[in-house]
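No gaps in the numbering here: position 406 of the first sequence is 393 in the working numbering, and each next residue is one more. Using N, Cα and C, we set each Cβ at its ideal position, and we do this for glycine too. Here the structure is a predicted model, which is why all the values come from computation and not from measurement.
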Amino acid sequence: MPVVPRRHRGERRPPGRCTRCGVPRTTVRPALARSARRRHAVKQATPAAGAPTVADERLPSRSEDFAEWYNQLVLRAELADYAPVRGCMVVRPYGWALWENIQAALDRRFKATGHVNAGFPMFIPMSFLEKEREHVEGFSPELAVVTVAGGEELQEPLVVRPTSETIIGHMYAKWIKSHRDLPVLINLWNSVVRWEKRTKLFLRTAEFYWQEGHTAHATAEEGEAEARQMLEVYADFAENEAAVPVIKGRKSESEKFAGAVRSYTIEAMMGDTRALQSATSHDLGQNFARAFDIQYLDVSNTLQYCWTTSWGLSTRFVGAIIMVHGDDQGLVLPPRLAPYQVVVVPIYRTDEERAAVLAEVERVGRSLRDVRVRTDLRDGVTPGFKFNDWEMRGVPLRVEVGPRDVAQGTVTLARRDLPGREGKETVPRDAVPARVPELLSDIHASIYRRALRFREDHTVQPAGYAELAEAVQRGFALAWWCGDGACETRVKDETKATVRCIPFDQPGGSGRCIVCGRPATERAIFGRAY
RNA sequence: CGGGGCGUGGCGCAGUCCGGUAGCGCGCCUGCUUUGGGAGCAGGAGGUCCCCGGUUCGAGUCCGGGCGCCCCGACCA
């Protein structure tokens, strides 16, 4: 069923054409809004009691209003909804199914690299946060704190975890005594709370779901290797499961995690050319080990501080999938993560047709053993409605079975990434079990290529500062950077773009900083970010 | 935190200026006809008009106070 998009009262209308008179909407200044409405009423002759508002069947187009396109899509595809608590979201079953597939793909990889899962409490003593200076400074503005429990004022306030480094540190200090205890490789699947000022479904909510890996090692090299390894795991996941091309790199000092020695990131370009940090991995050095006394005796019986890491990927990644692949029809889900990879839509008029078609639909469903298939048997909505409905929800492949197909012993396949006729083909019924996996694989490759091409088409290597300032308004700029925070700040203040990362993949050589002209040895990606 | 806007059936809104039976569209329910790209007709259900107080014979509408939400700017996975 088409869900009427929820738009809050007073929220700015998306631009487009007026549903009453067809006049293009502009962003009407509040003071003018009322008189504009009156003008329409006059034109409309007799809008007795309120002019009708046509239900928005189509999304706002991405090019017209990307932010509104995103908001409505999340709601109408039933991925999530607004919770009654400010800034919080409810992840609906369809969105959660997508998240579960993300979890499964990552968890497999974590296990394969020797990690185990555990559960840690959501409450952390306030004093723990204060043990690492940078850490508390980074998080204190956005902490949710519990001061009363069981009807009594707590002697020490409890922080709702914004991340678990501190309580992990406390426990690791208890558990680790010897080099024989190392490494410790633990991952947590949980939710954390950061009281953000401005929130947006999936991208930035007060509470979000994620995984956080926490490891402890005997040497700096091992810790660093772990942080780098997990970044590779994320990149592999992003590209091979989600078909999201990413740039692997190091964060600048200012963008670094609070308490880390070095932070790594995978950055992806969204459909509006803005960057999204899609996962991060941190080499924490000995910062947390010193703050929490995580020490071990090495082979020569000397007490040493451990080297720790942490790394995470959150439900924000769902936002990345939406914004990288989605189009004006709705979601385009990567086949390997899609809750339903195939939707079967029966088409019939008469009862006899219905019986024959449903028998065939049943057979098709059974023939696709290792594919996640959903059969849409809803009565009372037309096939056309179902087509649009499942396109909104991003199902990669649609199987249409109608009387013509039954007569010919065929089915019609329609791929989500190629709209209209172009994506349709009719195949013999017996070819379906072989053809469907092929198509799913093709779709993955095709949406990956499209996203990569888009990023490349919107990435420039500016020759000078003016060109950089121009370039970051329309995408990424890859430019020499001296590494000085002052240069970074200037770019941010003047263009709103930040250093997204210093890519691992460097062209080599050396040059002059795009901002100050001093010698530079690395190039950085500049861009506007979410 | 600053600036702006808005609270009226599930959703989108009209009604507020000028107080007098609470309305429209969509959605929902039932029935019939439909169904290869967002179906049609008929009937029906559904509302403490954000909250509290005041003015008034009478408040969705006027006055005072509160709460909430959204959008735009400074901080963040």
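Backbone CA spacing between residue i and residue j [nearest angstrom]
| i | j | result |
| --- | --- | --- |
| E44 | S301 | 31 Å |
| A230 | I434 | 7 Å |
| I89 | P144 | 34 Å |
| P333 | E387 | 6 Å |
| T362 | A401 | 15 Å |
| E519 | D417 | With the chain running from -12 to 517 in the structure shown, residue 519 is simply not present. |
| G101 | R167 | 16 Å |
| I501 | P449 | 8 Å |
| D404 | V319 | 7 Å |
| L190 | P108 | 24 Å |
| E412 | P390 | 16 Å |
| W162 | Y251 | 27 Å |
| D429 | Q395 | 26 Å |
| V135 | E65 | 36 Å |
| R24 | L324 | Per-residue confidence for R24 stands at a pLDDT of 27, beneath the threshold of 50, marking its modelled position as unreliable; no derived number is given. |
| A267 | R356 | Note on identity: in this sequence residue 267 is Thr, with Ala being the wrong assignment. Cα-Cα distance, rounded: 36 Å. |
| V103 | T482 | 43 Å |
| E509 | I234 | 15 Å |
| Y335 | W377 | 18 Å |
| L455 | K187 | 28 Å |
| G451 | A421 | 53 Å |
| A32 | F372 | Note that A32 scores a pLDDT of 23, beneath 50, so its modelled location is shaky; the value from the coordinates is reported in the next line. If you take the alpha carbons of A32 and F372, they lie about 33 Å apart. |
| R73 | E194 | 10 Å |
| G352 | A346 | 10 Å |
| V419 | A160 | 57 Å |
| M515 | V344 | A small correction: the amino acid at residue 515 is Arg; Met does not occupy that position in the sequence shown. Cα-Cα distance, rounded: 51 Å. |
| R436 | P232 | 8 Å |
| S287 | W182 | 46 Å |
Identity of the residue in the options nearest residue i by Cα
| i | options | result |
| --- | --- | --- |
| L427 | V368, N227, I501 and E51 | N227 |
| R261 | E199, V146 and V311 | V311 |
| Y283 | F244, L263, T206 and V233 | T206 |
| F304 | D429, R249, K411 and T192 | T192 |
| A131 | Q142, E121, K118 and P112 | P112 |
| S114 | S127, Y292 and A105 | S127 |
| I154 | E457, D392, E129 and L116 | L116 |
| K243 | E209, V133, E121 and S354 | E121 |
Endpoints, beta strand (DSSP E) assigned at residue i
| i | result |
| --- | --- |
| Y335 | Y335 -> no beta strand (DSSP E), and no H or E assigned at all. |
| W249 | The amino acid occupying residue 249 in the given sequence is Arg; Trp does not appear at that position. Unbroken beta strand (DSSP E) run through R249: R249 to M256. |
| E199 | E194 to H204 |
| W467 | F463 to W468 |
| S178 | V171 to V180 |
| Q59 | Taken as a continuous stretch (DSSP letters only), Q59 belongs to no beta strand (DSSP E), being part of the alpha helix (DSSP H) at F53 to R63. |
| D68 | A67 to Y69 |
| G236 | I234 to R237 |
Whether residue i touches residue j by CB criterion (8 Å)
| i | j | result |
| --- | --- | --- |
| F275 | G246 | yes |
| V398 | V414 | yes |
| V329 | V358 | yes |
| E211 | D270 | yes |
| G470 | S241 | no |
| E519 | G236 | This structure cannot settle anything about residue 519, because the visible part of the chain is limited to -12 through 517. |
| F53 | D259 | yes |
| G200 | N177 | no |
| Y57 | I309 | yes |
| F97 | M256 | no |
| R49 | D315 | yes |
| Y327 | V368 | no |
| A466 | A438 | no |
| R487 | F513 | yes |
| I281 | T296 | no |
| A203 | V171 | yes |
| V123 | R148 | no |
| V77 | A84 | no |
| A307 | L263 | yes |
| F279 | K118 | yes |
| F374 | R385 | yes |
| W468 | A507 | yes |
Alpha helix (DSSP H) segment containing residue i, residue limits
| i | result |
| --- | --- |
| C293 | Where C293 is concerned, there is no enclosing alpha helix (DSSP H), given that its DSSP letter is neither H nor E. |
| P144 | No alpha helix (DSSP H) contains P144, which is instead part of the beta strand (DSSP E) from E139 to V147. |
| K373 | P370 to M379 |
| F304 | R303 to H312 |
| A207 | A207 to N227 |
| A438 | V419 to D444 |
| G472 | G472 to T482 |
Any non-hydrogen atom of the ligand MG within 7 Å of residue i CB
| i | result |
| --- | --- |
| D363 | Ligands are entirely absent from the displayed structure, and the ligand MG is therefore not among its contents. |
| task | Would you list, in sequence order, the uninterrupted alpha helix (DSSP H) runs of no fewer than 4 residues that lie entirely inside the region 86 to 123? | result | 113 to 116
| Which runs of the beta strand (DSSP E), 3 residues or longer, sit entirely within the region 256 to 283? | 262 to 270
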